[in-house]
Structure formats: C-alpha cells, structure tokens
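*Asks:*
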Amino acid sequence: MIEVKDLVKQYGATTAVKGLSFTIENGKIYGLLGPNGAGKSTTMNIITGCLAATSGQVVIDGFDIFEQPSEAKKHIGYLPEQPPVYGEMTPKEYLSFVGEAKGLRGEELRRGVEKVMDLTGIVGMKNRLIRNLSKGYKQRVGLAQAILGDPETIILDEPTVGLDPKQIIEIRDLIRSLGKDHTVVLSSHILSEVSAVCDYILIISDGRLVAGDTPENLSAYMNGQNTVELKTRASEEQVQTVLSGIGGIREANVKASDEKGVLSLSITSEGETDLREPLFYAFAEAKCPILEMVHTSLSLEDIFLRLTDGSEDEADGSDLASESEEEEIPYQSQFTASSEEESEEENEEKEEK
C-alpha cells in the first residue's frame, strides 16, 4: 500500500504539486492520468524517492520514503519515462548488475534474471547490446529491471511513450500480466492508455487530484450530465420560450444549422434528468417540429477534458528541476539513464559478437 498525504512540490515561485493526497491499495492497477504539465512525473519521482518534496508524506508499506528510504524502496520497482538502461551492456549483463545493486547474489540472482527476462519476453535478445535494440525492447528491459527482486509495487512513468502501435499493445498486455501478481501504478496523459489497463483512475490537473474512481464509476458519476442534440424548425425566440418552461436544463446552446429556418440545439441536463420526453412534448405544443433528436452520455474523453480544462498550459516544474538540484535524492545507480542516442533503425539488426 502507498499512502500519499498533502504532497507539495515547489520550484521557486512555481508549485508543481499542490496538496496531493491519495491511497494505492494492493492488488490493483492504478492509472495516474493528466495532461502534459499536470505534475504526474514530479509526483512519480517523489513517490519513488528520486525527488524531495517541499512538504507532505509518502508511506510505502509502512515505511516513510523520506525518513526510511532504503526500507521503503525495497517494496517498489520503478521505470522512469526514459528507460534507465546502459547501451554498452547486454540485457543479461545489465539485469545482473541491477540485481546485485538490489542485493541479489548467486543462484537467487541467476534465477531472478532468468525469470524477469522470460516475463518480459527478452530471452531472445539477452546477448545483444542494448543500444542495438528497438525502443520497444529497451522498454521491456526497463520493465525487467523494475520487477527484478519481485517488489510488491511497480511504478511506471509513461510506459508506452514513443512506441509504435504494435509495441504499445505488447506493453499493455505485459502490464496486465504484471497486474496479476503486483500492484501497478502507471502515469499517462493518454486516456485510452489508462482506461485500457487500469482498475482505478486518478485524474490530476494543475498539481491537484480532481477525481479518483474506477473507469465505470467515473462514467456513472458524470452520466447525469446527459446531452440532447436536436434540430427544430423554429425561431430563436420560440426556442427560448420553449426551453424556459422545461426544468432540469443545465445548459443550452442554440445555433443556426446549414438548413434555412432550422436551428441546432445542444442541451445538457442537470442530475440524471432525461430531457427527451419533455423536450418532445414542449416543442410539439409550441408547433415547432423536431426534425432530429440524438441523446448522448459523456464519454471518458469528455470527462477527462472537462475535469482538466485549461491545465495544458500549466508547467509541472520538471523543466525547472536543474535549478533545484540540491533537492534531488539519489535513488540507486541502476536508475541513471543512459545518454546514448544512436539510431535504433540503423542498429536494430546488429548483434553482440
């Protein structure tokens, strides 16, 4: 279990995380969802002990990440947005190195490395140089190091960013598989990514938690705000008169349609009011024929956009981190990302000789 309480992170005058609180229960896949700049990566870095918080508390399975970092980190595996791999090593060499850094030795280390290579599907690539692997396989190697040592919780920051559609599907399947035996927390700004694999969604906007529930319950929560789209042959005055006599309307937008003399209406209800019947009878009584009527409920995409409206322009402060390097808490050496930038397409077919 991870408990986050009143988390705040400031970079000078910029507040990236603003009093964030939530609980991660064991045995589920959680999605930390928000637009770019919402504070997701900052939150991930604080939870994993890679970044100091300005204030607040993070407790992992009973251990405070700030006061008992060594004990707390034994319970988590972390994959940053950039896989922390070394291009000059093979996956087998790299994972053996990571395993030793995590305290594994001898037969336990050998079995652990073989197990995670098998789980992540990289056995066939174990003797290639990592720099010659595709981005998808590098991501798999990053996942393998995160689950090495069998931590209770796996934390993944934007695990499918930059992957092609086939690689995304493969990583999603792998995350679902990991969720059978681990608690998984992943961050993403892509709604389909989170809704496809997560049991529970936490929506962050401008450094604050704005919603948290299952995908189904989030839809049900906003389901009361149903929308009726209709076209009627009437004047604006007639429409305003009709709508003023109907209760349960939260919002109504009226505009001219492409057809002469026809208006298009978008009417949103309050609560769980179904407006179709009262609208039909009211327009009929006013002798304003309804030419078309469509009833829709908000999708998860609509919910996400409404809850995070306007937050895309907010910075999460991650670009300011270099100004506050003294606040960084070193994690473990295997989480230092490689700086190698060799072309993947040119090197993909090369093998370690």
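For the sequence shown, our numbering begins at 281 and goes up steadily by one. Built from N, CA and C at the ideal position, the CB exists for glycine as well. Bear in mind that the values here come from a model prediction, so they are computed numbers and not experimental data.
Between the region 310-317 and the region 360-371, do three or more beta carbon pairs fall short of 8 Å?
*Replies:* Counting Cβ pairs under 8 Å, fewer than three are found: no touch.
*Asks:* Out of curiosity, what's the CA-to-CA distance linking residue 398 and residue 410?
*Replies:* Roughly 17 Å separates the two Cα atoms.
*Asks:* DSSP three-state label for residue 383, please.
*Replies:* Reduced to three states, the DSSP call for residue 383 is coil.
*Asks:* Scan the region 405-451 and note each continuous alpha helix (DSSP H) run of 4 residues or more that stays entirely inside, going in chain order.
*Replies:* Listed in chain order, the complete alpha helix (DSSP H) runs (minimum 4 residues) inside the region 405-451 are 415-427.
*Asks:* Can you give the Cα-Cα distance for residue 490 and residue 368, rounded to whole angstroms?
*Replies:* Their Cα atoms are separated by approximately 43 Å.
*Asks:* Near residue 630, what residues of its chain come up, given a Cβ to Cβ distance below 8 Å and the 5 sequence neighbours on each side ignored?
*Replies:* Legend: pLDDT at residue 630 = 48, less than 50; position of this residue unreliable, value from coordinates given subsequently. Hits under 8 Å: 408, 409 and 412.
*Asks:* When you compare only the Cα positions, how much space is there between residue 474 and residue 310?
*Replies:* The alpha-carbon atoms of residue 474 and residue 310 are separated by roughly 8 Å.
*Asks:* Going along the chain, which residues of its own chain have a beta-carbon closer than 6 Å to the beta-carbon of residue 605, five neighbours each way excluded?
*Replies:* Summary for residue 605: the model assigns pLDDT 41, below 50, so the residue's position carries little reliability; its value from the coordinates is reported in the next sentence. Counting only Cβ-Cβ distances below 6 Å, and skipping sequence neighbours, we find nothing.
*Asks:* Taking the continuous beta strand (DSSP E) assigned at residue 532, which residues delimit it?
*Replies:* From DSSP, the beta strand (DSSP E) with residue 532 extends over 529-536.
*Asks:* Going by beta carbon distance, what residues of the same chain come within less than 7 Å of residue 438, once the five residues before and after it are set aside?
*Replies:* Only 361, 467 and 468 meet the Cβ criterion.
*Asks:* Determine the DSSP secondary structure at residue 323, reduced to helix, strand or coil.
*Replies:* Reduced to three states, the DSSP call for residue 323 is helix.
*Asks:* One question on the structure: do residue 544 and residue 511 come within less than 9 Å of each other, judged by their Cβ atoms?
*Replies:* Yes, the Cβ-Cβ distance between residue 544 and residue 511 is below 9 Å.
*Asks:* Taking all protein chains shown into account, decide if residue 352 is buried (16 or more other Cβ within 10 angstroms of its Cβ) or exposed.
*Replies:* Looking at its Cβ environment, which holds 16 or more other Cβ atoms inside 10 Å, residue 352 is buried.
*Asks:* Going by beta carbon distance, what residues of the same chain come within less than 6 Å of residue 283, once the five residues before and after it are set aside?
*Replies:* 303 and 339, listed in sequence order.
*Asks:* Quick test of the definition: if touching needs 3 or more C-beta pairs under 8 Å, does the region 370-387 touch the region 448-457?
*Replies:* The region 370-387, when compared against the region 448-457, does not touch it at the 8 Å Cβ threshold.
*Asks:* Can you tell me where the alpha helix (DSSP H) with residue 353 in it begins and where it stops?
*Replies:* Residues 349-353.
*Asks:* Measure how close the beta-carbons of residue 583 and residue 555 come, nearest whole angstrom, since I'm counting them as under 8 Å.
*Replies:* The Cβ separation is near 20 Å, so there is no contact.
*Asks:* For a test of the three-state rule: what should DSSP assign to residue 339, helix, strand or coil?
*Replies:* Strand, per DSSP.
*Asks:* With DSSP run on the structure shown, which of helix, strand or coil describes residue 489?
*Replies:* Here residue 489 sits in strand by DSSP.
*Asks:* Pick helix, strand or coil for residue 368, following the three-state DSSP scheme.
*Replies:* Coil, per DSSP.
*Asks:* Compute the Euclidean distance between the alpha carbons of residue 400 and residue 536, then round it to the nearest angstrom.
*Replies:* Residue 400 and residue 536: Cα-Cα distance of roughly 56 Å.
*Asks:* When burial is assigned at 16 or more other CB atoms within 10 Å of the CB, is residue 390 buried or exposed?
*Replies:* So residue 390 counts as exposed.
*Asks:* Roughly how many angstroms separate the alpha carbons of residue 488 and residue 301, rounded to a whole number?
*Replies:* About 9 Å.
*Asks:* With a threshold of 16 other CB atoms inside 10 Å of the CB of residue 384, please say whether the residue is buried or exposed.
*Replies:* With 16 or more Cβ atoms within 10 Å of its Cβ, residue 384 is classed as buried.
*Asks:* Which residue wins for smallest C-alpha separation from residue 569, given the options 561, 513 and 532?
*Replies:* Closest by alpha carbon: 513.
*Asks:* Please name the residue in 293, 574, 471 and 433 whose C-alpha comes closest to that of residue 307.
*Replies:* The candidate whose alpha carbon is nearest that of residue 307 is 433.
*Asks:* Flag this pair as yes or no: are the beta carbons of residue 476 and residue 522 separated by less than 9 Å?
*Replies:* No. Outside cutoff.
*Asks:* Assign residue 307 to one of three DSSP states: helix, strand, or coil.
*Replies:* Residue state, collapsed to three classes: coil.
*Asks:* Residues in its own chain within less than 8 Å of residue 264 by CB, not counting five upstream and five downstream?
*Replies:* Look at the range of the chain in this structure, 281 to 633, and you will see that residue 264 is not part of it.
*Asks:* Helix, strand or coil for residue 466, going by three-state DSSP, please let me know.
*Replies:* It is a strand residue.
*Asks:* Tell me the DSSP secondary structure of residue 461 in three-state form.
*Replies:* Three-state result, residue 461: coil.
*Asks:* Quick check on DSSP: helix, strand or coil for residue 346?
*Replies:* Correct three-state label for residue 346: coil.
*Asks:* CB-CB under 7 Å to residue 305, same chain, minus the five flanking residues each way: which ones, in chain order?
*Replies:* Once the five neighbours on either side are set aside, the close Cβ partners of residue 305 are 281.
*Asks:* How far does the alpha helix (DSSP H) with residue 517 in it extend, from its first residue to its last?
*Replies:* Residue 517 -> alpha helix (DSSP H) spans 516-524.
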